[in-house]
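Chains as they are written, first to last, in full-length UniProt numbering: chain A, 1 to 204; chain B, 1 to 204.
Backbone N, C-alpha and C define an ideal beta-carbon position, used for all residues, glycine too.
Input: a single structure, listed below in structure tokens.
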DNA sequence: CTAAAAGTGGACTAATCAGTCCAGTCATAG
DNA sequence: CTATGACTGGACTGATTAGTCCACTTTTAG
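Below, the structure is given as structure tokens:
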């Protein structure tokens, strides 16, 4: 009732405050999970107050929805920058290397920010829908990349690019989960290599 | 200090009480996650009292360790019963079907009980180690199955069965995560099919 | 200028949580 | 039988939590 609905006015200052809250919440959730992130911690990290938070969000669940959306934009932006210029299998393997390197840089901690949200929120309808959309957009990015490879190589063999994108994403998520558990990028490398070999076999 | 250490006496009644607590906690954690499972809820579900819980466990973290171990035994027992009698690729595909069917029966909810624990506990050293051991045992089960297939088929081609087990497990985990998000077994089926095709290519 | 609305600060509440404590019951070894 | 220790019931505490409320300041529209 006290929360911002669609179309409600928002001054520049208001927008900035809201953004500060979402940014701080996203960072805390990525580091500690939804359940282990208290609103008080968000307020402290964003230098705001209770009344501000409840001015812009109906409740914690509402804030979590905003966090999912922001995290989605962050993750997709990272991959989009790599996948946009994709036009060969070698480029896909460079993407693989970048993903592995990113995981290595954080010592394999945290896993995928979106994947982690799934196991915590997948039983709540609205968050689950949002995450499903995020993965769909991620797959679309991969499909676009595959198509670019196909176009460049000339051989437009008939195969389901969407299915390929799904298995690549599954390999990525599964690989990251095992990497997070073992604190080694080995499983991630093997899983992505398998998936990319599959792409090569289907595409070429 | 008040908890049960290794070697401490445990009567039959005590063992039963401890088991009841772990069983209830495991079920609640599987359904709602560690952070969303309160000790009071565990007590209510197991029909025990605070003093009993703290008689057998040092604190909540200690109970969580027991939950990880019990959940590991449950999951591995399920897969062991399928993988033990493995001696052909057809058998491996039947295992795939069983995994898919199991996911379908719960409407893809919950994902893998061990995988879900990872994203919630992977940043705590001891739980993470335990989960890493669980996955290592799971991979060993797969390796044993692959070896049985290799022996039966006669062709003992030289390939790294451990790597194969890792990618199959990664495909399973990633597939389950996407299945949980989309509420469809499609991603799980595709990911497992890809991994098993890989096994076939490497093994035969 | 001025009034209405947007935005803010922080005290407060009620519920829930992990963990403590102690008085007691039960089982069993000697 | 009896004493020791395993086992149990549940009240209690202090900390933390999400969420409420109201007085106040700042911005904006007319």
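Step through the CB atoms of chain B and report whether any lies within less than 7 Å of the CB of residue i.
i	result
residue 215 of chain A	With chain A covering only 1 through 204, there is no way to say anything about residue 215 of chain A.
residue 237 of chain A	The structure shown does not extend to residue 237 of chain A, since chain A is modelled only from 1 through 204, so no value can be given for it.
residue 180 of chain A	yes
residue 115 of chain A	yes
residue 57 of chain A	no
residue 142 of chain A	no
residue 190 of chain A	yes
residue 171 of chain A	yes
residue 35 of chain A	yes
Taking only beta-carbon atoms, is residue i less than 7 Å away from chain A?
i	result
residue 198 of chain B	yes
residue 119 of chain B	yes
residue 135 of chain B	yes
residue 78 of chain B	no
residue 217 of chain B	This structure leaves residue 217 of chain B out entirely; chain B is present only between 1 and 204.
residue 245 of chain B	There is simply no residue 245 of chain B to check, as chain B begins at 1 and stops at 204 in what is shown.
residue 131 of chain B	yes
residue 187 of chain B	yes
residue 204 of chain B	no
residue 122 of chain B	yes
Output the distance between the C-alpha atoms of residue i and residue j, rounded to the nearest integer angstrom.
i	j	result
residue 95 of chain B	residue 158 of chain A	30 Å
residue 126 of chain A	residue 65 of chain A	8 Å
residue 149 of chain A	residue 111 of chain A	28 Å
residue 161 of chain A	residue 99 of chain A	21 Å
residue 156 of chain B	residue 147 of chain B	9 Å
residue 52 of chain A	residue 117 of chain B	34 Å
residue 84 of chain B	residue 38 of chain B	37 Å
residue 29 of chain A	residue 86 of chain B	42 Å
residue 136 of chain A	residue 123 of chain A	18 Å
residue 67 of chain A	residue 11 of chain B	50 Å
residue 61 of chain A	residue 25 of chain A	12 Å
residue 14 of chain A	residue 79 of chain A	30 Å
residue 58 of chain B	residue 129 of chain B	19 Å
residue 69 of chain B	residue 181 of chain A	15 Å
residue 152 of chain A	residue 82 of chain A	17 Å
residue 215 of chain A	residue 154 of chain B	In the structure as shown, chain A begins at 1 and stops at 204. Residue 215 of chain A is therefore absent and cannot be evaluated.
residue 170 of chain B	residue 183 of chain B	19 Å
residue 27 of chain A	residue 27 of chain B	30 Å
residue 191 of chain B	residue 16 of chain A	42 Å
residue 106 of chain B	residue 31 of chain A	30 Å
Less than 8 Å between C-beta atoms, sequence neighbours within five positions excluded: which residues of the same chain meet that for residue i?
i	result
residue 20 of chain A	46, 47 and 48
residue 196 of chain A	89, 92, 93, 96 and 168
residue 120 of chain B	33, 34 and 35
residue 76 of chain A	134, 137, 138 and 141
residue 50 of chain A	39 and 43
residue 193 of chain A	96
residue 63 of chain A	21, 22, 25, 39, 42, 53 and 57
residue 74 of chain A	26 and 113
What residue range is occupied by the uninterrupted alpha helix (DSSP H) comprising residue i?
i	result
residue 18 of chain A	12-32
residue 237 of chain B	A query on residue 237 of chain B cannot be resolved here, the shown segment of chain B reaching from 1 to 204 and no further.
residue 174 of chain A	161-182
residue 111 of chain A	Run containing residue 111 of chain A: none; DSSP gives neither H nor E here.
residue 201 of chain B	186-203
I'd like the list of long-range same chain contacts for residue i, defined as Cβ closer than 6 Å, with 5 residues on each side in sequence excluded.
i	result
residue 199 of chain A	164
residue 205 of chain A	Given a span of 1 to 204 for chain A in the structure shown, any question on residue 205 of chain A remains unanswerable.
residue 204 of chain B	none
residue 189 of chain B	100
residue 145 of chain B	83 and 86
In chain order, what residues of the same chain have a beta carbon less than 7 Å from the beta carbon of residue i, not counting five sequence neighbours either side?
i	result
residue 173 of chain A	112 and 115
residue 187 of chain B	175, 178 and 179
residue 185 of chain B	100, 103, 104, 108 and 179
residue 273 of chain B	Because residue 273 of chain B is not part of the residues shown, which for chain B are 1 to 204, the question remains open.
residue 143 of chain A	161, 162 and 165
What alpha helix (DSSP H) runs, 4 residues minimum, are completely inside the UniProt DNA-binding region "H-T-H motif" (38-57) of chain B? Fully enclosed alpha helix (DSSP H) runs of 4 or longer: 39-46 and 50-56.
Can you check the region 54-98 of chain A for any alpha helix (DSSP H) of at least 4 residues that lies completely inside it and give the ranges in chain order? With a minimum length of 4 residues, the continuous alpha helix (DSSP H) runs that stay inside the region 54-98 of chain A are 60-83.
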